[in-house]
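Asker:
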Amino acid sequence: MSRTIGVLTSGGDCAGLNAAIRAVVTRAVMGYGWSVKGIRYATQGLMERPVNALNLGPRAMDGQMLQMGGTILGTVNTGNPFAWPLPDGSVIDRSDEVLEGLTLLGIDGLIAIGGDGSLRILHRLMKRADLPFIAIPKTVDNDVQATDRAIGFESAVSVATSACDSLRSGAMSQQRIMILEVMGREAGHIALATGIAGGADAILIPEIPVSLERVAAAIQARCQREERDWALVVVAEAVRREDGRLVTDGIVGEKPHFGGISGYIAERLGVLTGRVARATVLGHLQRGDRPNAADRLIASSLGVAAVDLLARHSRDRMVAWQKGEVVDVPLDDVAGDPRLVDPQGSLVAMARGLGICFGD
Ligand code: F6P
915 MSRTIGVLTS GGDCAGLNAA IRAVVTRAVM GYGWSVKGIR YATQGLMERP VNALNLGPRA
975 MDGQMLQMGG TILGTVNTGN PFAWPLPDGS VIDRSDEVLE GLTLLGIDGL IAIGGDGSLR
1035 ILHRLMKRAD LPFIAIPKTV DNDVQATDRA IGFESAVSVA TSACDSLRSG AMSQQRIMIL
1095 EVMGREAGHI ALATGIAGGA DAILIPEIPV SLERVAAAIQ ARCQREERDW ALVVVAEAVR
1155 REDGRLVTDG IVGEKPHFGG ISGYIAERLG VLTGRVARAT VLGHLQRGDR PNAADRLIAS
1215 SLGVAAVDLL ARHSRDRMVA WQKGEVVDVP LDDVAGDPRL VDPQGSLVAM ARGLGICFGD
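In terms of the working numbering, the numbers along the sequence shown are unbroken and rise by one, the last being 1274.
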């Protein structure tokens, strides 16, 4: 049966999106003889008239796509069609326009590569469209429920680990405490993995309440024990100040936009230890790099599996990576809160075994 499917990327960009698009197109065209339409700028492209989409053929299957950061389809992390913001501050529901865009496109099924926020919105939309829908999880935050890995996380951790290596040389040379702030929103997955892989003395994550006095004492004790005068701290962006406040600079897509907690921590650790402390906010460098091998593998596997699900007439499911294998789960299982670090989990226990302080 000849079919045309749509594919889109939604939410913040990250490494591995193009590898996933390539896998979807390759499997659909070569495996099933289908056509693929790439929808540009997610739901925003579906609201445009004509719908902003392009045919994805052999060029999209080029191996170059594996190594390209970003997404050839473009993406958005603002503009919820159910609550579209107007200049006067009010919101309107534009979901009917998105549904009409899907009809105008003439597709028989949709694959969306998105994070927890955008998948929740798309799932709600697709319940109203009479179209099979399959989701592929992506986000450097790695906080999508029911999957051990979301596309983009592994590459973000690689970038942040390299940053630790660079900061350590400066810390050692100038006897400083270096604080690296990483992304992740309310989830500390990037900070935890980076802190372990990058050899941090302290990892501060939102899931574990932090006492900076304890962090300072742990740094002093470690410096004394190991006869050194430097330390490395990795902090997740949504860690709170001692007064309980989050460090944010506005709202993006209905969520707080974090950034800058490392500056506060540097100032406080400087006072508490009497040492010089410096903060680095790694920011979007974590998202724009070339995808590493692990992300290319995960993206390729999830892309192929998503098309196979459509071929089996599945709908409203997410392909997921669990224990090194691809599975699929109902989208309803994914719709809840973000997946956070388990403070009692094995990774945190292992980090403690390495002598890493969590500030608790
Ligand atoms: O959700 C992905 C993410 O990179 C978060 O880790 C970060 O807080 C946020 O997006 C940054 O958003 P923006 O790209 O709008 O600055």
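Beta carbons are placed, not taken as given, at the ideal position from N, Cα and C, and that holds for glycine.
Along the chain, which unbroken stretches of the beta strand (DSSP E) at least 3 residues long are found entirely within the segment 1092 to 1122?
Answerer: Runs of the beta strand (DSSP E) inside the segment 1092 to 1122: 1116 to 1118.
Asker: List in chain order: all unbroken beta strand (DSSP E) runs of 3+ residues lying wholly within the segment 983 to 1048.
Answerer: Taking only runs of at least 3 residues, the beta strand (DSSP E) segments lying wholly in the segment 983 to 1048 are 1023 to 1028.
Asker: Would you mind stating whether valine 1149 and leucine 1118 have Cβ atoms separated by less than 7 Å?
Answerer: Yes, the pair counts as a contact, with Cβ atoms nearer than the cut-off.
Asker: At the level of alpha carbons, what is the spacing between alanine 956 and serine 949?
Answerer: For alanine 956 and serine 949, the distance between alpha carbons rounds to 18 Å.
Asker: Is the CB of methionine 1232 under 7 Å away from at least one CB in chain D?
Answerer: Protein chains in the displayed structure number just one, and chain D is not present.
Asker: Under 7 Å between the Cβ atoms of isoleucine 1091 and leucine 1183?
Answerer: Going by C-beta atoms, isoleucine 1091 is nearer than 7 Å to leucine 1183.
Asker: Where does aspartate 1209 land, buried or exposed, given buried means 16+ other C-beta within 10 angstroms?
Answerer: Answer is buried; the Cβ neighbour count reaches 16.
Asker: Looking only at its own chain, which residues have a Cβ that is under 7 Å from the Cβ of arginine 1229, when we skip the five neighbours before and after it?
Answerer: Pro1046, Phe1047, listed in sequence order.
Asker: Less than 6 Å between the CB of glycine 1098 and some heavy atom of the ligand F6P, yes or no?
Answerer: Yes.
Asker: Opposite valine 1148 in the DSSP bridges: which residues?
Answerer: Its beta-bridge partners are Leu1094, Ile1117.
Asker: Shortest alpha-carbon distance to serine 1215 belongs to which of Asp927, Ala1077, Arg941, Thr923?
Answerer: The shortest Cα separation from serine 1215 among Asp927, Ala1077, Arg941, Thr923 belongs to Arg941.
Asker: Given valine 1071, which residues of its chain have a CB within under 8 Å of its CB, disregarding the five upstream and five downstream residues?
Answerer: Same-chain partners within the cutoff: Ile1104, Ala1107, Thr1108, Ala1111.
Asker: Does DSSP classify aspartate 1163 as helix, strand or coil?
Answerer: Residue state, collapsed to three classes: strand.
Asker: To the nearest angstrom, how far is the alpha carbon of proline 1244 from that of glycine 1023?
Answerer: Computed Cα separation, rounded: 16 Å.
Asker: Using alpha carbons as the reference points, say which of Pro1252, Val1096, Lys1041, Gly925 lies closest to leucine 1199.
Answerer: When each option's Cα is compared against that of leucine 1199, the closest is Val1096.
Asker: So, with DSSP's three-state summary, where would you put glutamate 1239?
Answerer: Glutamate 1239: strand per DSSP, three-state reduction.
Asker: With glycine 952 as the anchor, note down where its beta strand (DSSP E) starts and where it stops.
Answerer: Element bounds for glycine 952: 949 to 953.
Asker: For alanine 967, report the span of its beta strand (DSSP E) as first-last.
Answerer: Residues 967 to 969.
Asker: Where do the ends of the beta strand (DSSP E) carrying phenylalanine 1172 lie?
Answerer: From DSSP, the beta strand (DSSP E) with phenylalanine 1172 extends over 1169 to 1172.
Asker: Counting along the chain, where does the alpha helix (DSSP H) carrying isoleucine 1270 start and finish?
Answerer: Element bounds for isoleucine 1270: n/a, residue is neither H nor E.
Asker: Please name the residue in Ala1064, Met1086, Asp1222 whose C-alpha comes closest to that of isoleucine 1212.
Answerer: Of Ala1064, Met1086, Asp1222, the residue nearest in Cα terms is Ala1064.
Asker: Can you name the start and end residues of the alpha helix (DSSP H) that glycine 1084 belongs to?
Answerer: Counting along the chain, the alpha helix (DSSP H) containing glycine 1084 begins and ends at 1067 to 1088.
Asker: For arginine 1231, which of Val1248, Val1218, Arg1204, Gly1113 has the nearest alpha-carbon?
Answerer: With distances taken between Cα atoms, arginine 1231 lies closest to Val1248.
Asker: Given this structure, state the Cα-to-Cα distance separating alanine 1116 from tryptophan 1235, to the nearest angstrom.
Answerer: Each residue's Cα considered, the two are about 29 Å apart.
Asker: What whole-angstrom Cβ distance do valine 1058 and arginine 1226 have, given they're in contact under 8 Å?
Answerer: 22 Å between Cβ atoms; not a contact.
Asker: Does the beta-carbon distance from phenylalanine 1172 to threonine 1162 come in below 7 Å?
Answerer: The answer is yes: Cβ separation under 7 Å.
Asker: Taking only three categories from DSSP, how would you classify leucine 1126?
Answerer: It is helical.
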